[in-house]
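So the structure is just underneath, and the comments pick up after that.
In our numbering, the protein residues as written are 421 to 1083.
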């Protein structure tokens, strides 16, 4: 039902308000609405937040868009975690209406004293409200005296009533007539890790693995993998993500490079979960025991790392579920259980779960499994292929977990259609993998960054993984070491959350065959032993660059936010320019924190061009000069609106520039 002062097109609103919009504690976000009324009287609007405890916060005035009539916006910031709501209050604004009319009538000599009388009555109402400070009372009283001074020149009286100090007081203490409330609309403020973090993925079985004298590969364990955690933490990562750690099926086990003829020592794919040794609630015997896993999690915590665990809801043919609950799978016409397929890929070692056969039983079992791992210190789950399971199931599971443990986070590995990706975000997934890996041209990167930062930000938070065990993009295969720097710099500075799969820092780039995105000798099917120490000693590693990226991310609040990205222009189709700004957080004087990123997307050639910056988005005037410092080289330049850049991919393919105003 339309209110007396109509409010429409409210945002952010998810699924007509049936789902909460995404927010994070201490993360600013914009509320917008179309507000209008009949006639010519002025109006006002403000956002009112209600916190998780039911307390109503002070209203935040919405500002009218400078070029879009009737479009109002305000930035609000939830300061505690939990379920919030926001409402929009709109009202007829008699003071603004009078100010507009007085500015026209009094100079024209129309109804001069009547207009001053009307102004005086309004100021008396402001004083009578009794919510002014003594200083504000003095300002309003001075205006009241001017309105009443019939013997003074009309121009002088009007100037006194148009004084900026008086206008500021009247804006802060509006007279609200015909007050209309629209809302409430829900949003949920998650803990900061839902928005900001650097992820590192490795296979525990590869870390500390060795080859015996007879050629036998001996798996790494949680205890040997824990030794790798120091290097991960030292590189500035926040989350260490482990692929499935459960027993691996022996039936239809895959061999190296996804072959169907495994040898007796081949370990199989960790995503083929379940064997005689147990299922999703068990640990692969080669990795150790629950005590070993607990020690691994504890060591990670000591280093400031969180452990994310893979939640892959599927089963190997010899998973205990196949015997105990065969109804949880799909039986084909010939009586066999259907294995997983993603044509042209076939996964003969995996049975997908049919959630329609026994939804209650499956829901109970999955919740039990999730809570088991939560009890062992896991507070982040990376969910494998959630788009192949019912959305209603995920909505239920995530709601149940949030009800008791709101700090537990879920990352959706859903490389699928936009509707499904956004739908999973809408019903509760905290983060999502994205199409980032496949966005390589300047124009498509620009479009995608705009989309994620300002069009779908209320639905899903991106996690920019530069590579995964499944995705070795062609650009990494043929771009040389420079492209590894380019993609890391782009991911780490454009998204508040990004990720790296082990081997990226060693420039691993060989595909199993031309045209494939699968790694040769993929770690999904075999243990991969990497000589980290030798690579570091010989300087054949990108680790120092990744470390510096993570340092810069921690130093700059602007890089920890999603909704603050602005695309700028360059004259070269291979040079991408964007900035991120956080207001009032950049230094002891409360200056804004601004980072400008200029990236040469061409790994094969030096690019020279001019970049053109939207100065107001940086918090500057068009004619301002300012100082920029490169976070990698330490070089400092004085910049203005238009600036020359030269980027050599063999040296430094990107400028990550911090800004200091020279005003």
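Just so it is clear, CB atoms sit at the ideal spot from N, CA and C, and this is done for glycine as well.
All of these numbers come straight from a predicted model, not from anything done at the bench.
- Whose C-beta lies closer than 7 Å to the C-beta of residue 472 among residues of the same chain, with five residues either side of it excluded? If we look at residue 472 and ignore the five residues flanking it on each side, its Cβ neighbours are 500, 502, 503 and 504.
- Query: Would the beta-carbon of residue 669 fall within 7 Å of that of residue 686?
  - Reply: 7 Å or more divides the Cβ of residue 669 from the Cβ of residue 686.
- Message: Spatial neighbours of residue 980 within its chain, please: C-beta separation below 6 Å, excluding the five flanking residues on both sides.
- Response: Contacts found: 616 and 916.
- Assign residue 572 to one of two classes, buried (16 or more other C-beta atoms within 10 Å of its C-beta) or exposed (fewer than that). Under this definition residue 572 is an exposed residue.
- Query: Under three-state DSSP, which class holds residue 1045?
  - Reply: DSSP places residue 1045 in the coil class of the three-state scheme, outside both helix and strand.
- Message: By DSSP's criteria, residue 794 is part of a beta bridge. Which residues make up the other side?
- Response: Residue 794 pairs with nothing; no bridge assigned.
- Classify residue 534 as buried or exposed, calling it buried when 16 or more other Cβ atoms lie within 10 Å of its own Cβ. A residue is called buried when at least 16 other Cβ atoms come within 10 angstroms of its Cβ; residue 534 does not meet this threshold and is exposed.
- Return the chain-ordered ranges of every alpha helix (DSSP H) run that is complete within the region 906-967 and spans a minimum of 4 residues. DSSP runs (the alpha helix (DSSP H)) wholly in the region 906-967: 952-957.
- Message: Mapping the DSSP letters down to three states, classify residue 885 as helix, strand or coil.
- Response: In the structure shown, residue 885 sits in a strand (DSSP, three-state: E or B).
- Message: I believe residue 689 touches residue 939 by the beta-carbon criterion, under 8 Å. Please report the beta-carbon distance rounded to the nearest angstrom.
- Response: Not really, about 13 Å apart at Cβ, beyond 8 Å.
- Query: Does the count of Cβ pairs from the region 772-790 and the region 731-740 closer than 8 Å reach three?
  - Reply: Taking a contact to require three or more Cβ pairs closer than 8 Å, the region 772-790 and the region 731-740 qualify as touching.
- Per DSSP, cross-strand counterpart(s) of residue 996: The partner list for residue 996 (beta bridge, DSSP) reads 1019.
- Leaving out the 5 sequence neighbours to the left and right, which residues in its chain are closer than 7 Å to residue 644 when beta-carbon positions are compared? Excluding residues within five positions, the ones whose Cβ falls inside 7 Å are 627 and 628.
- Helix, strand or coil: which one does DSSP assign to residue 770? Residue state, collapsed to three classes: coil.
- Item | Distance CB(residue 609)-CB(residue 443) smaller than 7 Å | A Cβ-Cβ contact shorter than 7 Å links residue 609 with residue 443.
- Looking at residue 778 and residue 815, is the spacing between their C-beta atoms short of 7 Å? It is not a contact, given that the beta carbons lie outside the stated cut-off.
- Query: Taking one C-beta from the region 991-1001 and one from the region 923-941 each time, how about it: are there three or more such pairs within less than 8 Å?
  - Reply: Taking 8 Å as the limit for Cβ pairs, the verdict is that the region 923-941 does not touch the region 991-1001.
- Query: Are the CB atoms of residue 453 and residue 427 nearer to each other than 7 Å?
  - Reply: Remark: C-beta atoms of residue 453 and residue 427 approach each other more closely than 7 Å.
- Determine the DSSP secondary structure at residue 1013, reduced to helix, strand or coil. Residue 1013 falls in the strand class under three-state DSSP.
- Mind checking residue 630: buried by the 16 CB within 10 Å criterion, or exposed? By the neighbour-count rule (16 or more Cβ atoms within 10 Å), residue 630 is not buried but exposed.
- Query: Under 7 Å, do residue 992 and residue 1029 count as touching if we go by C-beta distance?
  - Reply: Going by C-beta atoms, residue 992 is nearer than 7 Å to residue 1029.
- Exposed or buried, residue 933, counting other C-beta atoms within 10 Å across all chains shown (16 or more means buried)? Residue 933 is exposed by the Cβ-count criterion.
- Ordered along the chain, which non-local residues of its own chain (more than five positions away) have a Cβ less than 8 Å from that of residue 818? Excluding positions up to five away in sequence, the list reads 830, 847, 848 and 849.
- Task: Return helix, strand or coil for residue 840, following the three-state DSSP convention.
- Result: Residue state, collapsed to three classes: helix.
- Taking all protein chains shown into account, decide if residue 928 is buried (16 or more other Cβ within 10 angstroms of its Cβ) or exposed. Counting Cβ neighbours within 10 Å, residue 928 comes out buried, since at least 16 surround it.
- Could you check the C-alpha separation between residue 720 and residue 820 for me, to the nearest Å? Distance between the alpha carbons of residue 720 and residue 820 is about 27 Å.
- Message: Are the CB atoms of residue 924 and residue 887 within a distance shorter than 7 Å?
- Response: At a Cβ-Cβ threshold of 7 Å, residue 887 and residue 924 count as neighbours.
- Query: residue 475: buried (16+ other C-beta within 10 angstroms of its C-beta) or exposed?
  - Reply: Counting Cβ neighbours within 10 Å, residue 475 comes out exposed, since fewer than 16 surround it.
- Query: Is the region 480-493 in contact with the region 517-531, if contact means three or more CB pairs nearer than 8 Å?
  - Reply: The region 480-493, when compared against the region 517-531, does not touch it at the 8 Å Cβ threshold.
- Message: Considering only the alpha carbon of each residue, which of 1081, 1052, 1037 and 964 lies closest to residue 654?
- Response: Among 1081, 1052, 1037 and 964, the Cα nearest to that of residue 654 is on 964.
- Item | Endpoints, beta strand (DSSP E) assigned at residue 607 | Where residue 607 is concerned, the enclosing beta strand (DSSP E) stretches over 597-610.
- Message: Am I right that residue 906 and residue 1077 are in contact with their C-beta atoms under 8 Å? What's the rounded C-beta distance?
- Response: Their Cβ separation, rounded to whole angstroms, is 16 Å, which puts residue 906 and residue 1077 out of contact at 8 Å.
- Query: Per DSSP, what kind of secondary structure is residue 830 in: helix, strand or coil?
  - Reply: Residue 830: strand per DSSP, three-state reduction.
- Item | Contacts around residue 490, its chain only, beta-carbon distance under 7 Å, and the 5 residues preceding and following it disregarded | Exclusion of the five residues before and after residue 490 leaves 454, 455 and 456 as the residues of its chain whose Cβ lies within less than 7 Å of its Cβ.
- Taking Cβ to Cβ, would you say residue 663 is nearer than 7 Å to residue 698? No, the Cβ-Cβ distance between residue 663 and residue 698 is not below 7 Å.
- Residues bridged to residue 762 by DSSP? Paired residue(s): 765.
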